[in-house]
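Each remark here refers to the structure printed beneath this line.
4 protein chains.
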Amino acid sequence: MTCTSAYHDQLIEVRRHLHTMPEEGWSEFTTTAFVIGKLREYGYEVLTGTKVINPDNCLGRNPKVVEAGLAYARANGVSEELLAEMEGYTGCVGVLDTGRPGPTLAVRFDIDCVPVTESTEGDHLPAKEGFVSTRPGLMHACGHDAHTSTGLAVAHWFADNKDQMKGRIKILFQPAEEGVRGAAGMAASGVVDDADFFLSSHIAMMCKSGEMSINPYGFLCTTKLDVTYTGRPAHAGVEPNAGRNAMAAACNAFVQLLGIARHGSGMTRINVGQLNAGEGRNVIPSKAVMKMEVRGETGEINQYMYDSAVAIIKGCALAQGCEYTIEKMGEAVDLTNDPELVAVLKDAGEAVPGLKVCEEPMNFGGSEDATILARRVQAHGGKAAFFVLGSDRPSGHHTARFDIQEKDLDTGLAVWANVIGRILG
Amino acid sequence: MTCTSAYHDQLIEVRRHLHTMPEEGWSEFTTTAFVIGKLREYGYEVLTGTKVINPDNCLGRNPKVVEAGLAYARANGVSEELLAEMEGYTGCVGVLDTGRPGPTLAVRFDIDCVPVTESTEGDHLPAKEGFVSTRPGLMHACGHDAHTSTGLAVAHWFADNKDQMKGRIKILFQPAEEGVRGAAGMAASGVVDDADFFLSSHIAMMCKSGEMSINPYGFLCTTKLDVTYTGRPAHAGVEPNAGRNAMAAACNAFVQLLGIARHGSGMTRINVGQLNAGEGRNVIPSKAVMKMEVRGETGEINQYMYDSAVAIIKGCALAQGCEYTIEKMGEAVDLTNDPELVAVLKDAGEAVPGLKVCEEPMNFGGSEDATILARRVQAHGGKAAFFVLGSDRPSGHHTARFDIQEKDLDTGLAVWANVIGRILG
Amino acid sequence: MTCTSAYHDQLIEVRRHLHTMPEEGWSEFTTTAFVIGKLREYGYEVLTGTKVINPDNCLGRNPKVVEAGLAYARANGVSEELLAEMEGYTGCVGVLDTGRPGPTLAVRFDIDCVPVTESTEGDHLPAKEGFVSTRPGLMHACGHDAHTSTGLAVAHWFADNKDQMKGRIKILFQPAEEGVRGAAGMAASGVVDDADFFLSSHIAMMCKSGEMSINPYGFLCTTKLDVTYTGRPAHAGVEPNAGRNAMAAACNAFVQLLGIARHGSGMTRINVGQLNAGEGRNVIPSKAVMKMEVRGETGEINQYMYDSAVAIIKGCALAQGCEYTIEKMGEAVDLTNDPELVAVLKDAGEAVPGLKVCEEPMNFGGSEDATILARRVQAHGGKAAFFVLGSDRPSGHHTARFDIQEKDLDTGLAVWANVIGRILG
Amino acid sequence: MTCTSAYHDQLIEVRRHLHTMPEEGWSEFTTTAFVIGKLREYGYEVLTGTKVINPDNCLGRNPKVVEAGLAYARANGVSEELLAEMEGYTGCVGVLDTGRPGPTLAVRFDIDCVPVTESTEGDHLPAKEGFVSTRPGLMHACGHDAHTSTGLAVAHWFADNKDQMKGRIKILFQPAEEGVRGAAGMAASGVVDDADFFLSSHIAMMCKSGEMSINPYGFLCTTKLDVTYTGRPAHAGVEPNAGRNAMAAACNAFVQLLGIARHGSGMTRINVGQLNAGEGRNVIPSKAVMKMEVRGETGEINQYMYDSAVAIIKGCALAQGCEYTIEKMGEAVDLTNDPELVAVLKDAGEAVPGLKVCEEPMNFGGSEDATILARRVQAHGGKAAFFVLGSDRPSGHHTARFDIQEKDLDTGLAVWANVIGRILG
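Chains as they are written, first to last, in UniProt numbering: chain A, 1 to 425; chain B, 1 to 425; chain C, 1 to 425; chain D, 1 to 425.
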């Protein structure tokens, strides 16, 4: 097989290129075009548009952001033909069938950035080396540039070695992971329903450069919601009774939402992170919008929180004579790695010289929508796992000076190659 | 015609007798039996039970109070036959048809007492003269003993003079005026639906002995409600999520109820006077009861308050997953005296020597459920009015030392006789 | 005396000029410069800046709006010298002393516009005649252009006739009447403290062209407030307990504010017209801003509402561990015209041929901060009154097609001249 | 040493006697008198009254219950002299000094019953054997009769064997464990401040007959509170503004209390189990009482809940212009057994033939105020532990058919003797 070190330059070059041009969730048209081009170059069949995103399950997709992403893609010279193929939806899946009987393996990499303005200070490596973000307000500060670059290197390596492989690989480039939005639509497209195995990974969490963690736990189940109340305006002095006070619906919902009973079986969380309501000082407010989220230690507990919240939101609309809408903006679930794949990961990791495999359970302590895809595969009888690749970082995720150690990209690719070799080799 | 002064002794004697044996709303079996006896003695056809009270519209009728009233009646020797005739409902209507063509006049007197313990101090006239209440905790501290006594004297006088009259009189002895509960059921029985004229009166308000007020305004529309939320108990430590918190439904309803928007067209009021909720300290409360009321300057505004309250009560049940019931406990509406009857009252009052008729509008500033009957008559095309007979009182209504001037009873009867003479004479 | 009809052209010309260049409250630097120029031309001593505005009592003055107003003034060629004289505060007072013993009369005209985009339709007179607003989003849609024009015509006429007058006139050109913001600072400067008489007026309300109303009532007392809660952000998933939830303070304050008990003595109102709170979806909100107002039928009732609101705002800060600030953004009080001045207005109005003087009380039904100045004069022993000059308008106040009848400006000036002649003549 | 089996009859007899005469917390005068009599018989110095209960830290002591307990004691023939010694406070401590140098060991047994009516069905052993509760509504349904009986047997055994012992024993008979009320006052008396070791136990939880658990965890920290708001009544129709609405303070506090932010470091709970507020339907409520509790996984988290609750309670008083009081009604903390004593318990348990010692951590999952005493001893440098003695029970704690297996009393005494022998032997 081709040695993974042969892909070192590609890994760095692609990661740095993507780092300069970060794109927000659901606007990654230029990134997707770049990925499609590479996949086709490597000989992959590429699915995109509604073939990999079910529009009915598309969460948190802001039309203005989509428009801006399209404009950016056109400015970058992405062809109208390719844009038409995408049908307005970002992300794609590269499929390569070895022609030999064997399992189907789905691997997933996420491609979007976060709304952070990158540091341009001289000691921030991307600035020093000239691949800092060219888009103020947007930055690959969560390592998805590294994920995408790794995904393309995996694609390249697999294509180069496909004669020694069996079965089929599906390489998912998922949009809009931030806000846990993109996976639901990709899962609902059915693109992983035939997968026997599913794997995904995150970089630079929980462990250090030179380590990998194969038993993460504590993926928080969460649902993100936007709630809109619509009432009826009225002059607050002359005829307050004629109004339907949307702010009253929202504020009373808020106080009840925070008061949802704790759950006896595990951790719960609820937050309304934004509330904007009302028009003029002397007008009964006719509109109120809440951006909120619930969490639960398990899917069942998260569902309890969601159901309780919906009842309150409805009840307050009824109480105040207002209309309401609830829009699901994001969703992630919990995940327990299947032991079969944990064993594969252990074996594959230990085969990488100098890499320490951390077997002890480590608390992921956050949400990750790869879990949606993983659970979809498990629900269809497949096996799924998520692992974390350590990488020392100078600053936390989602901060202006976040960075990874590029040498760890080589380690990551080696792990992926070893894992794929053990499943499809 | 018989001079009304002939009834002086009767007026005093009956009033004092009733004063000794006050009965709460819906428990006035002994009083009703006494009234029925007198009416039949005077030659009236008497209707009672469900002929004059529609059980479906019976407000604020507490079964325990009814039971206690029946027991008291039996102890007082009221016959089982008469109790059977009453069918468990207090109040009655005496009807006397002159046999001569003419209008139907309905006049209404209320018969219940209030839950006040009467003063036994030597300078309190009923104590001094030996007709103080024999029932601690109950007292005719709102003058309904005087009303009932006047009603019987009116009945007597009319019977004595019926040969000089035409048409028909219906004399209503209404239960449960306190809490504005009794009129709704009496109105719903249809007993005043054939009345061409309706009149009622209160004593000792707004003006002094020797005066009467014929243009009272400001009858507050009000609805009294009992709201019960039923949830599901749960151990607050072990499994709080399993509960349905009735206290949460009630408290959140409370805060929204107080916040019902003011009305641009007039005064509104809302109060939750009692809230009792919960069981043990460490149990999610499964029951909550609120005793509340709304008011409005007009029937429309009161309805706005009621509708807004009901929406909130429902909405909070939905929000907290609880069941709810709303029981209407009392109701009064507003009233504008018909000018035709105001003119009759003025003329009748001025014909009473020494009586000053106050024509200027005077603010009644309270609720009175005679308005329900009056509005029912008006709705059927009849004319209605309410007047107030002045009487100096040593202490306010509903206080332990309330009293009236008995001499004013003669004046009152004279007014009634003059009014009836002008309508049916 | 000079006939007021001599000022017809000036009235129209000035009004139309001002109409083209509307300026929002506290930004009326170009307007003030224009007024100062005219007043000095007519021989008035002119006070401006902190001589007529007390910065400590300046309500609702947005620094950004002030900056934009200064920039607009510079673009319009207003001299730096004049801007320096204004000290950043708009509005001015012209003083003319006749040198003869006599009373001091203060008259007040307001100069700001409203944030409405004017209609450019051909049948809208300002559009048709070419004096439509040149500033989209801003329009003299409340008639203050007419007020200012009238004030300058009054100034001109008085200067022309000062030899026939005694005492002293102070002509106030008040900024920021919209939102009832400007009068408080002008009153606190003390500029009307020596006034024996105070008069002000509004155009195009309550009565028609050819009428004036001299007994308006129902000036609503109101206080406008901006409330800011500051808490502490925290990750809503990881450590919610570390936050101090400013949105919780605001929402709980909101529900309690709406629930402030009605007042037994008269109308109350409360509204929170805007609430903006929070940052990210998964961050405990650390900031919340409410724009609110209270009203009362009398000053005392408005004070009750204000005091109750402040207690709630404080209490919720304490309950949620947040800091708060309350900024008064506007204020108006009630007013009862002094009978002496009502008599003068009646006499003066009736002396204008063809003008009908409406003496019956008419409900103003809104707030007007001339009341602040009027009550200040009354508090110092002077007499005050407010009248309304009728003018047919094609569309309501604060709408895109609002307009007045320019011929009524002549009538208005005639009334003012007659009034001034009766007081200082 | 005397074999513990010699005390079998005493164990059964005392337990059954106490079972017939259950007494509620703070009313256990008859029980205390019985215990004192026995302790003195065995040669103990006995401390009672304020020597062992600090009145300032007495939680949840209802004067009416105390009075009823005194009356019951007098009816049972308890001498006035002994009652005087108790000073109105139940519970006592027996002290026996061996006269030989050695450590001080404090052991604690609780003596109160629960408000449950015992089953009289024939298959309920106490009914069948004739020692069922003679007091309807009261029952030893939590095993404290067994605890007290064990305590007296321990006292007897130790006195019989004191010549083979060193140091000093203090045997605490604590009142009012139910509602976690009694330990705080006993701890505050200082009676365990000189203890080098502290031990306590509960029967019939977590494990079966023939087992004991020496590593219980999950003692829930909790604080029980009664909150009273006092406002000012007013007629809800006539002058609602004159009221200070205590129900508004309570309901708004309630909604905020439920909304206290979850804690990132562990479980929290909050419940308002009872809320009673208001007087008449048309009166602004002037009084409101809430019975509530907070819990936390650790003392620090419970303190966070308590502090947050107090801030809310205060803030709502301020917001609504009401007075408030907070009365602490009960308190328990968490406990980690000291390893030294766990080792002693293991050794002592294993020395009892046929007893299985469960070493694995078992979740106590409730509150127990022995923790207050244990933590007091630890705070003074002593060691403390709590263990559970298994006993099969036909029905759960606090139910009408609760019972223990009396044979397990022998096992329990054997454990205690072994433990004491290892510490003081």
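Here a beta-carbon is modelled for each residue, glycine too, at the ideal position from N, C-alpha and C.
Taking Cβ positions only, does A/Gln405 come closer than 9 Å to chain D?
Residue-level contact check: A/Gln405 does not touch chain D, since none of the beta carbons of chain D fall below 9 Å from its beta carbon.
Starting from the C-beta of C/Ser213, find all residues in its chain whose C-beta is less than 6 Å away, skip the five residues before and the five after it, and write them out in chain order.
Met206, Cys207, Cys358, Met362, Val388, listed in sequence order.
Assuming D/Thr399 contacts D/Val116 under a Cβ cut-off of 8 Å, what Cβ separation, rounded to an integer in Å, is found between them?
Rounded, the Cβ-Cβ distance is 7 Å, consistent with contact.
Using a Cβ cut-off of 7 Å, pull out every chain D residue sitting near C/Ala68, in sequence order please.
What C/Ala68 touches in chain D: nothing, since even the nearest Cβ is about 38 Å away.
Could you compute how far the alpha carbon of B/Thr268 sits from the alpha carbon of B/Glu300?
Cα-Cα distance, rounded: 11 Å.
6 Å CB neighbourhood of A/Gly185 in its chain, flanking five on each side removed:
Correct list, in chain order: Ile53, Asn54, Asn57, Cys58.
Answer with yes or no whether the minimum CB distance from C/Glu239 to chain D is below 9 Å.
With 9 Å as the cut-off, C/Glu239 counts as an interface residue toward chain D.
Taking C-beta pairs closer than 7 Å, name the residues in chain D that A/Arg269 reaches, listed in chain order.
What A/Arg269 touches in chain D: Arg262.
What residues in the segment 289 to 315 of chain C have a beta carbon less than 8 Å from any beta carbon of chain A?
Of all residues in the segment 289 to 315 of chain C, only Lys291, Met292, Glu293, Arg295 come within less than 8 Å of chain A when Cβ atoms are compared, listed by chain position.
Does the distance from the C-beta atom of D/Thr30 to that of D/Met21 stay below 9 Å?
At the C-beta level, D/Thr30 and D/Met21 come within 9 Å of one another.
Helix, strand or coil: how does DSSP classify B/Asp97 here?
Strand at B/Asp97.
Starting from C/Val223, trace the beta strand (DSSP E) in both directions and tell me its first and last residue.
Residue 223 of chain C is actually Thr in this sequence, not Val. Looking at the DSSP string, the run of the beta strand (DSSP E) that includes C/Thr223 is 221 to 230.
At 7 Å on the CB atoms, spell out the chain B contacts of D/Lys51, in chain order.
Contact annotation for D/Lys51 against chain B: no contact, minimum CB-CB distance about 30 Å [criterion: below 7 Å].
Which first and last residues belong to the beta strand (DSSP E) in which C/Gln274 is found?
For C/Gln274, the enclosing beta strand (DSSP E) stretches over residues 268 to 278.
Would you mind sorting D/Pro136 into buried or exposed? The rule is 16 or more other CB atoms within 10 Å of its CB.
With fewer than 16 Cβ atoms within 10 Å of its Cβ, D/Pro136 is classed as exposed.
Pick from A/Glu24, A/Gly243, A/Arg244: whose alpha carbon is nearest that of A/Ser133?
Relative to the Cα of A/Ser133, the nearest Cα in the group A/Glu24, A/Gly243, A/Arg244 belongs to A/Glu24.
Going by alpha carbons, who is nearest to D/Gly210 out of D/Glu331, D/Glu41, D/Asp392?
Of the candidates D/Glu331, D/Glu41, D/Asp392, the one whose C-alpha sits nearest the C-alpha of D/Gly210 is D/Asp392.
D/Gly237 in three-state terms, based on DSSP:
Coil, per DSSP.
Residues of chain B with a CB under 7 Å from the CB of A/Leu318: which are they?
The CB of A/Leu318 comes closer than 7 Å to the CB of Ala311, Lys314, Gly315, Leu318 in chain B, given here in chain order.
If you draw a straight line from the C-alpha of D/Ser149 to the C-alpha of D/Gln274, how long is it?
If you draw a straight line from the Cα of D/Ser149 to the Cα of D/Gln274, it is about 35 Å long.
C/Asn241 versus D/Ile169, D/Asp347, D/Gly296, residue with shortest Cα-Cα distance
Of the listed residues, the one whose Cα sits closest to C/Asn241 is D/Gly296.
Answer yes or no: do B/Gly330 and B/Thr223 have a C-beta to C-beta separation smaller than 9 Å?
Closer than 9 Å, so yes.
Looking at the structure shown, is A/Phe131 part of a helix, part of a strand, or coil, going by DSSP?
When secondary structure is reduced to three states using DSSP, A/Phe131 falls in the coil class, being assigned neither helix nor strand.
With a threshold of 9 Å between beta carbons, is D/Leu424 in contact with chain A?
Any Cβ of chain A closer than 9 Å to the Cβ of D/Leu424 would place that residue at the interface, and such an atom is absent.
Sort B/Pro353, B/Leu258, B/Met165 by Cα distance to B/Ile423 and report the nearest one.
Each of B/Pro353, B/Leu258, B/Met165 was checked against the Cα of B/Ile423, and the nearest Cα belongs to B/Met165.
What's the gap between the Cα of C/Leu152 and the Cα of C/Asp307?
Near 40 Å, if we compare the C-alpha coordinates of C/Asp307 and C/Leu152.
Three or more C-beta pairs under 8 Å: does that hold for the segment 245 to 254 of chain B against the segment 312 to 322 of chain B?
Yes: the two stretches touch, three or more of their Cβ pairs being nearer than 8 Å.
Taking B/Asp334 as the reference, give the member of B/Tyr42, B/Gly365, B/Ala309, B/Phe219 with the closest Cα.
For the set B/Tyr42, B/Gly365, B/Ala309, B/Phe219, the Cα lying nearest the Cα of B/Asp334 is the one of B/Phe219.
Would you tell me roughly how many angstroms separate the C-alpha atoms of C/Arg401 and C/Pro103, rounded to the nearest one?
If you take the alpha carbons of C/Arg401 and C/Pro103, they lie about 41 Å apart.
Going by CA-CA distance only, name the one from A/Glu177, A/Gln174, A/Ala351, A/Lys128 that's closest to A/Val415.
Of all alpha-carbon atoms in A/Glu177, A/Gln174, A/Ala351, A/Lys128, the one lying nearest the alpha-carbon of A/Val415 is that of A/Ala351.
Quick check: what's the CA-CA separation for C/Ile372 versus C/Ala71?
Computed Cα separation, rounded: 30 Å.
Let me confirm a value: B/Asp112 is counted as buried when at least 16 other C-beta atoms fall within 10 Å, else exposed. Which label applies?
With a threshold of 16 other beta carbon atoms within 10 Å, B/Asp112 meets it and is buried.
9 Å Cβ cutoff, D/Ile284 in contact with chain C:
D/Ile284 counts as touching chain C.
Could you check the C-alpha separation between D/Gly99 and D/Leu105 for me, to the nearest Å?
Going by C-alpha positions, D/Gly99 is about 14 Å away from D/Leu105.
Give me the DSSP bridge partner(s) of D/Ala385.
According to DSSP, which records beta bridges pairwise, D/Ala385 is partnered with D/Leu199.
List the residues of chain A whose Cβ lies closer than 8 Å to the Cβ of D/Val255, in chain order.
Here the neighbours are Val255, Gln256, Gly259.
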